[in-house]
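**Student:**
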Amino acid sequence: MSLQGKRVVVGLGGGIAAFKAVELVRELSRRGAEVRVVMTEAATHFVGPITFAGLTGKPAVTDLWAKEYAGEVHVELGEWADAIVIAPATMNLISRAANGQANDAVLATLACARGVVFFAPSMHHRMWSHGATQANIRTLTDREAVVLGPVTGPLANGEVGEGRMMEPADIAEEIESHLTHSDDLSGSRLLVTAGPTHEDLDPVRFLGNRSSGRMGYAIASRALRRGAEVTLVSGPVHLPVPSGAEVIRVRSAVEMHAAVMSRFDQFDVLIMAAAVADYRPAQRESHKIKKGGDLRLELVRNPDILASVGAKRVQRPSVLVGFALETENLEQSARDKLERKAADLIVANEASAGLGGDTNRATLVEASATTSLPEMGKPALADQILDRVRTLLKNPSARPRRETGHKAPN
Ligand code: C5P
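Counting from 108, one number per residue, gives the positions in the sequence shown under my numbering.
1. Would you kindly work out how many angstroms separate the C-alpha atoms of Arg391 and Ala455, rounded to a whole number?
2. Under 7 angstroms from any heavy atom of the ligand C5P, does the C-beta of Pro410 make it?
3. With a threshold of 7 angstroms on Cβ separation, who are the neighbours of Leu131 within its own chain once the five nearest residues in sequence on each side are excluded?
4. Look at Arg423 and Asn409 and say whether their C-beta atoms are less than 8 angstroms apart.
5. Just to confirm my understanding: we take Val129, look at its own chain, exclude 5 residues before and 5 after, and list those with CB closer than 8 angstroms. What are they?
6. Going by Cα to Cα distance, which pick from Glu266, Ser319 and Ser295 is closest to Thr304?
7. Cβ-heavy atom distance between Leu445 and the ligand C5P below 7 angstroms?
8. Between which two residues does the alpha helix (DSSP H) harbouring Leu184 extend?
9. Could you check whether the Cβ of Arg321 sits closer than 8 angstroms to any Cβ belonging to chain D?
10. Could you tell me the distance, in whole angstroms, from the CA atom of Val421 to the CA atom of Leu339?
11. Should the region 225 to 232 be called in touch with the region 187 to 205, which here means at least 3 C-beta pairs below 8 angstroms?
12. Would you mind stating whether Val416 and Val367 have Cβ atoms separated by less than 8 angstroms?
13. Mind listing, in chain order, the continuous alpha helix (DSSP H) runs of no fewer than 4 residues lying wholly within the region 306 to 361?
14. Please return the same chain residues whose Cβ sits closer than 7 angstroms to the Cβ of His152, not counting the five positions on each side in sequence.
15. Mapping DSSP to helix, strand and coil, what is Met272?
16. Taking Arg370 and Leu298 to be in contact with their CB atoms under 8 angstroms, please state how far apart those CB atoms are, rounded to whole angstroms.
17. Tell me which residues share the same chain as Leu406 and place their Cβ nearer than 7 angstroms to its Cβ, disregarding the 5 neighbours each side in the sequence.
18. Quick check: is any heavy atom of the ligand C5P less than 7 angstroms from the C-beta of Ser371?
19. Check Phe226 in the structure and name its three-state DSSP category.
20. Please say whether Val428 and Val496 have beta carbons closer to each other than 8 angstroms?
21. Asp385: beta carbon under 7 angstroms from a heavy atom of the ligand C5P?
22. Does the beta-carbon of Thr259, which I'm using as the reference point, lie nearer than 7 angstroms to any heavy atom of the ligand C5P?
23. In whole angstroms, give me the CA-to-CA distance for Gln111 and Pro349.
24. Give the single residue among Gly238, Gln241 and Ile191 whose Cα lies nearest to the Cα of Leu217.
25. May I ask you to check if the CB of Ala140 is nearer than 7 angstroms to at least one heavy atom of the ligand C5P?
26. Leaving aside the five residues before and after Ala335 along the sequence, list all residues of the same chain whose C-beta is less than 6 angstroms from its C-beta, in chain order.
27. Tell me whether Glu140 sits in a helix, a strand or coil according to DSSP, three-state version.
28. Any chance the CB of Phe430 is under 7 angstroms from a heavy atom of the ligand C5P?
29. Here's the rule I'm using: 16 or more other beta-carbon atoms within 10 Å means buried, otherwise exposed. How should Lys353 be labelled?
30. Give the secondary structure of Gly112 by DSSP, where H, G and I count as helix, E and B as strand, and everything else as coil.
31. Does the Cβ of Phe126 have 16 or more other Cβ atoms within 10 Å, making it buried, or fewer, making it exposed?
32. Locate the beta strand (DSSP E) running through Ile191, then write down its first and last residues.
33. At a cut-off of 7 angstroms, would you count Met322 as near the ligand C5P, judging by its Cβ distance to the nearest heavy atom?
34. In this structure, what does DSSP give as the bridge partners for Gly260?
35. Would you be able to state if there are at least three C-beta pairs under 8 angstroms between the region 258 to 274 and the region 307 to 325?
36. So does Thr163 have its beta carbon nearer than 7 angstroms to some heavy atom of the ligand C5P?
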């Protein structure tokens with residue numbers, strides 16, 4: 108009964124998987140949640156509101172104009188719910204939600220959401236892979252909605268493809284995992300770096316890399332949801348700032364180094380998710396470099412921020428996390444990095460999966476443990492990392508003892 112005391116709104120769109128929402132409501136109730144149901148008009152063609160009234164003991168809201176809802180039922184439900192899950196989330200409903208429409212009971216409730224919002228997409232595989240759907244999904248995740256699935260399997264028309272709604276028990280499991288994590292990091296201060304660095308060559312050109320910043324931003328966003336205070340030191344990215352985060356914008360590795368070194372001792376945790384450039388041009392030209400014959404660039408080493416903190420920290424931050432992007436010998440390289448940078452945890456990912464995409468496959472390497480994780484979305488990976496951070500914070504003996512005064516490599 109681990110959803111005991113939690114309040115969940117299930118919002119149905121008009122898709123064939125609507126019948127599975129019946130099972131989802133039952134599963135959430137079985138786990139102890141109090142459930143209310145809202146339905147689009149289209150959804151009522153697939154499954155009857157009376158079924159949900161029977162299961163939840165409350166009428167399903169299908170029409171904002173219905174007389175029994177004196178007052179503003181969408182505002183009440185949005186405020187009431189710890190989580191709203193849209194299942195099935197059809198292509199149409201996803202599009203309308205991404206565009207901020209509020210013209211039916213489901214969307215109006217969603218627009219008033221106070222808690223976590225989940226979407227469980229369900230549609231034909233071509234509708235799912237459609238550029239508009241993918242862009243809308245990105246908009247919703249940028250606004251911190253959690254997208255569950257879809258999974259690959261048989262679709263309504265007999266084809267097999269990616270578009271099948273996640274099974275109700277799995278959806279309930281994900282919701283439970285999100286809600287039970289809430290506030291478990293309250294009282295902790297996290298400093299998170301994210302994104303690439305841009306190393307200027309001249310006023311218009313720079314050396315950079317393909318990091319999108321999504322991993323660091325997902326960590327910041329999940330940590331905030333879990334009650335932490337978060338400061339994000341961000342390289343140049345195009346991502347919305349997670350609400351509640353303090354953001355310090357930097358451009359180059361040298362700027363990021365200065366931003367981190369001047370404040371790391373005020374934080375309990377430093378997570379270096381940024382893809383910091385190892386080198387910068389020896390000289391930044393003040394005028395645009397003119398085209399001529401071949402050009403040779405001289406590069407100099409950037410400071411290693413993580414190693415510098417590892418060498419200098421006395422008490423805080425008590426947990427130091429780095430990332431490692433490798434093409435071979437993943438675990439051994441991560442282990443070397445753990446030692447060399449005096450970190451407590453290295454998140455190692457394969458170069459193929461790690462940079463720029465929405466998912467990641469990572470291995471968590473600590474002094475006394477190695478955990479290989481399956482491929483998952485960056486918010487889910489963020490939670491896994493934060494789970495380890497929380498353990499390390501709570502249990503100092505899980506951290507390796509080390510002498511202070513490591514020499515930081517440059
Ligand atoms: O040595 P490598 O670049 O593979 O290490 C990656 C880890 O070290 C990441 O956590 C990255 O943020 C951090 N790093 C750093 N300063 C650098 C280079 C990497 O803090 N100059």
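Built from N, CA and C at the ideal position, the CB exists for glycine as well. Fair warning: this is a prediction, and the values are worked out from it, not measured in the lab.
**Tutor:** Put simply:
1. 33 angstroms
2. yes
3. Val117, Ala194, Pro275, Ile278 and Ala279
4. no
5. Val154, Thr158, Phe159 and Leu162
6. Ser319
7. no
8. Val180 to Trp187
9. Here chain D cannot be found, since the structure has a single protein chain.
10. 22 angstroms
11. yes
12. yes
13. 321 to 332
14. Gly121
15. coil
16. 7 angstroms
17. Tyr386, Arg387, Pro388 and Ala389
18. The displayed chain sequence assigns Phe, not Ser, to residue 371. Checking the Cβ of Phe371 against the ligand C5P gives no.
19. strand
20. yes
21. yes
22. no
23. 28 angstroms
24. Ile191
25. no
26. Leu292, Ser295 and Leu297
27. Residue 140 is actually Ala in this sequence, not Glu. Of the three classes helix, strand and coil, the one that applies to Ala140 here is coil, per DSSP.
28. yes
29. Correcting the residue identity first, residue 353 is Glu in this sequence and not Lys. Per the 10 Å Cβ criterion, exposed.
30. coil
31. exposed
32. Ala190 to Ala196
33. no
34. Gly268
35. no
36. no
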